[in-house]
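A.B. asks: Take this structure first; my questions come after.
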Amino acid sequence: MSHKVAFSFADGKTVFLDSHAGELLLDAALRNGVNIPLDCREGVCGTCQGRCESGSYTQDYVDEEALSAEDLAARKILSCQTRVQSDASFYFDFESTICSASGTSLFSGQVTAVRQLSETTAILHLDASAHPGRLDFLPGQYARLKVPGAGVSRSYSFAHRPSEDNQFQFLVRLLPDGAMSNYLRERCQPGQTIEFEAPLGAFYLREVERPLVMVAGGTGLSAFLGMLDDIAHKGGCDQPVRLYYGVTDARDLCELDRLKAYETRIADFACEMVVMNPTQEWQGKTGLIPEHFDRTFLKANPFDMYVCGPPPMVEAVKRWLAGEHIESYRLYYEKFGDSSSGQPTA
Ligand code: FES
1 MSHKVAFSFA DGKTVFLDSH AGELLLDAAL RNGVNIPLDC REGVCGTCQG RCESGSYTQD
61 YVDEEALSAE DLAARKILSC QTRVQSDASF YFDFESTICS ASGTSLFSGQ VTAVRQLSET
121 TAILHLDASA HPGRLDFLPG QYARLKVPGA GVSRSYSFAH RPSEDNQFQF LVRLLPDGAM
181 SNYLRERCQP GQTIEFEAPL GAFYLREVER PLVMVAGGTG LSAFLGMLDD IAHKGGCDQP
241 VRLYYGVTDA RDLCELDRLK AYETRIADFA CEMVVMNPTQ EWQGKTGLIP EHFDRTFLKA
301 NPFDMYVCGP PPMVEAVKRW LAGEHIESYR LYYEKFGDSS SGQPTA
């Protein structure tokens with residue numbers, strides 16, 4: 001019996017490896033060529049420390065000089081003393097190059113379908129089943145796709161959880177003159193090969209131990225489809241999950257059936273859709289997303305907030321949190337660095 005373990009680093013790289021039953025995390029890392037910095041190997045120096053972001057584990061011995069009670073409550077770990085008890089992910093606050101870990105690799109997949117979901121959004125399906133073994137990523141991470149014939153790459157979040165058959169989906173914002181948009185509209189055919197680099201990004205789902213607030217702007221929804229897919233696959237979670245999905249125009253909304261289905265697959269899940277520039281037909285919420293946050297709930301309960309979308313939306317959420325003097329939250333966000341490319345930046 002072994003567990004799948006993800007190691008994420010400060011430069012956004014992620015490495016996946018297997019940890020045998022009862023094996024020390026440090027030994028599993030070294031066995032797989034990930035040279036976590038170490039010194040004492042006895043739980044005293046603190047050199048090998050990281051933080052568990054999801055999954056369960058035990059630690060043999062932790063000297064209070066190495067990690068305080070507060071550190072332990074924050075799920076900080078010593079790799080030389082940690083044994084995982086489930087699939088898990090760990091974060092290390094240094095660059096992957098320090099431990100010679102290059103987690104990102106180049107893969108290729110064949111286009112199986114492109115479907116237009118709304119006036120401004122398409123979904124691209126890739127089949128990478130020729131790749132031996134599961135191509136792993138954390139729910140919320142992204143891939144960098146080489147646009148065939150264009151000599152440029154564009155980044156898109158995985159719109160699903162990892163699967164054994166390596167079938168991938170990405171939401172793509174259709175622009176009047178974007179490299180990927182033009183390719184999908186004009187040249188893309190089933191069977192064509194697209195190369196991509198993955199996994200990338202520090203925006204991924206951590207252990208769900210507090211109410212979850214997800215805030216998606218436009219095709220930022222893709223990362224949340226990946227997270228919701230993962231939560232639903234695991235049978236749901238014991239925390240409320242709220243998704244705020246904002247678009248400029250109601251015609252931009254997509255994947256509504258899929259979002260509806262998560263209401264039955266995740267016990268306490270609800271999606272609020274917010275349209276910035278509504279027409280008369282739109283009966284739902286309007287304006288900016290923060291105007292619709294449940295202020296009373298967020299002031300009374302610690303929560304985790306994930307935000308993915310254009311920079312103005314992310315900044316509006318941050319301003320709202322500061323302006324409301326809300327303090328008990330953990331915020332994770334990813335901005336689209338360039339609206340012409342849909343490229344996420346952590
Ligand atoms: S190497 Fe010293 S605490 Fe792990």
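The working numbering applies: residue 1 is where the sequence shown begins, and numbers increase by one.
The beta-carbon is built from N, C-alpha and C at its ideal position, and this holds for glycine as well.
None of the values given here were measured: they were computed from a predicted structure.
Can you tell me whether Leu135 is helix, strand or coil according to DSSP?
C.D. replies: Counting from 1 along the sequence shown, the entry for residue 135 is found at position 135. DSSP places Leu135 in coil when its eight states are reduced to three.
A.B. asks: In whole angstroms, what is the alpha-carbon distance linking Leu174 and Ala250?
C.D. replies: In the sequence shown, residue 174 corresponds to position 174, counting from 1. In the sequence shown, residue 250 corresponds to position 250, counting from 1. So the alpha carbons of these two residues sit roughly 15 Å apart.
A.B. asks: Give the range of the alpha helix (DSSP H) segment to which Ala179 is assigned.
C.D. replies: Within the sequence shown, residue 179 is the residue found at index 179, counting from 1. It spans 179-186 - the alpha helix (DSSP H) in which Ala179 sits, taken as one unbroken run.
A.B. asks: Considering just the uninterrupted stretch of the alpha helix (DSSP H) at Leu296, what are its terminal residues?
C.D. replies: By 1-based counting over the sequence shown, the position of residue 296 is 296. Looking at the sequence shown, residue 296 is not Leu but Thr. Per DSSP, Thr296 belongs to the alpha helix (DSSP H) from 295-300.
A.B. asks: Considering Val62, what are the terminal residues of the beta strand (DSSP E) in which it resides?
C.D. replies: As a position in the sequence shown, residue 62 is number 62, starting the count at 1. Premise fails: Val62 is in no beta strand (DSSP E) and is neither H nor E.
A.B. asks: Tell me whether Asp87 sits in a helix, a strand or coil according to DSSP, three-state version.
C.D. replies: Along the sequence shown, read from residue 1 onward, the residue named residue 87 stands at position 87. If DSSP states are grouped into helix, strand and coil, Asp87 belongs with coil.
A.B. asks: Between the region 104-111 and the region 66-79, can you find at least three pairs of beta-carbon atoms closer than 8 Å?
C.D. replies: The region 66-79 vs the region 104-111: no contact.
A.B. asks: Measuring only the C-alpha atoms, how far is Ile98 from Gly46?
C.D. replies: Translated into the one-based positions of the sequence shown, residue 98 becomes position 98. Translated into the one-based positions of the sequence shown, residue 46 becomes position 46. Straight-line Cα distance between these residues: approximately 16 Å.
A.B. asks: Buried or exposed, going by whether 16 or more other CB atoms sit within 10 Å of the CB of Ala66?
C.D. replies: Translated into positions along the sequence shown, residue 66 becomes position 66. Buried, because 16 or more other Cβ atoms sit within 10 Å of the Cβ of Ala66.
A.B. asks: Between Val5 and the ligand FES, is the CB less than 8 Å from at least one heavy atom?
C.D. replies: Reading the sequence shown from its first residue, position 5 is the one you call residue 5. Checking the Cβ of Val5 against the ligand FES gives no.
A.B. asks: DSSP on Met276, reduced to helix/strand/coil?
C.D. replies: In the sequence shown, the residue the question calls residue 276 occupies position 276. DSSP places Met276 in coil when its eight states are reduced to three.
A.B. asks: For Leu117, tell me which candidate among Ile231, Asp268, Thr219 has the shortest Cα-Cα distance.
C.D. replies: The count along the sequence shown starts at 1 and reaches residue 117 at position 117. When only C-alpha atoms are compared, the closest one is Thr219.
A.B. asks: Under the DSSP definition of a beta bridge, which residues are partnered with Phe158?
C.D. replies: To locate residue 158, count along the sequence shown from 1; it is residue 158. BP columns for Phe158 point to Phe170.
A.B. asks: Assuming contact is defined by CB atoms lying nearer than 9 Å, are Tyr142 and Phe9 in contact in what I supplied?
C.D. replies: Counting from one through the sequence shown, the residue named residue 142 turns up at place 142. Counting from one through the sequence shown, the residue named residue 9 turns up at place 9. Going by C-beta atoms, Tyr142 is not nearer than 9 Å to Phe9.
A.B. asks: Quick one: grab the DSSP three-state call for Met1.
C.D. replies: Indexing the sequence shown from 1 puts residue 1 at position 1. In this structure, Met1 counts as coil in the three-state DSSP scheme.
A.B. asks: From this set, Glu324, Phe293, Glu334, which residue's C-alpha is nearest Pro312's C-alpha?
C.D. replies: Here residue 312 is taken as the residue at index 312 of the sequence shown, counted from 1. Closest by alpha carbon: Glu334.
A.B. asks: Quick check on the DSSP output: the beta strand (DSSP E) that includes Ala113 runs from which residue to which?
C.D. replies: Start at 1 with the first residue of the sequence shown, and residue 113 comes out as number 113. 105-118 is the span of the beta strand (DSSP E), which, as asked, contains Ala113.
A.B. asks: Measuring CB to CB, does Ala223 end up less than 9 Å from Phe158?
C.D. replies: Translated into the one-based positions of the sequence shown, residue 223 becomes position 223. Translated into the one-based positions of the sequence shown, residue 158 becomes position 158. Yes.
A.B. asks: Pull up the distance between the alpha-carbon of His20 and that of Gly236, whole angstroms please.
C.D. replies: Here residue 20 refers to the residue found at position 20 of the sequence shown. Here residue 236 refers to the residue found at position 236 of the sequence shown. Spanning the two alpha carbons is a distance of roughly 27 Å.
A.B. asks: Could you tell me how far apart the beta carbons of Glu351 and Arg144 are, in whole angstroms, since I believe they sit closer than 8 Å?
C.D. replies: What the structure shows of the chain is the stretch from 1 to 346, and residue 351 is not part of that stretch, so it cannot be assessed.
A.B. asks: Taking the C-alpha atoms as reference points, what is the distance between Gly217 and Thr296?
C.D. replies: Residue 217 sits at position 217 when you count from the first residue of the sequence shown. Residue 296 sits at position 296 when you count from the first residue of the sequence shown. Taking the straight line from one Cα to the other gives about 23 Å.
A.B. asks: Any heavy atom of the ligand SAM closer than 8 Å to the Cβ of Thr58?
C.D. replies: With respect to the ligand SAM, the structure offers nothing, as its ligand set consists of the ligand FES.
A.B. asks: Report buried or exposed for Val152, applying the criterion of at least 16 other Cβ atoms within 10 angstroms of its Cβ.
C.D. replies: Taking the first residue of the sequence shown as 1, we reach residue 152 at position 152. When all chains shown are included, Val152 counts as exposed.
A.B. asks: Would you mind working out which of Asp238, Val314, Gly201, Tyr204 sits nearest Tyr245, comparing C-alpha positions?
C.D. replies: As a first step, residue 245 must be located in the sequence shown, where it is residue number 245. It is Val314 whose Cα lies nearest to the Cα of Tyr245.
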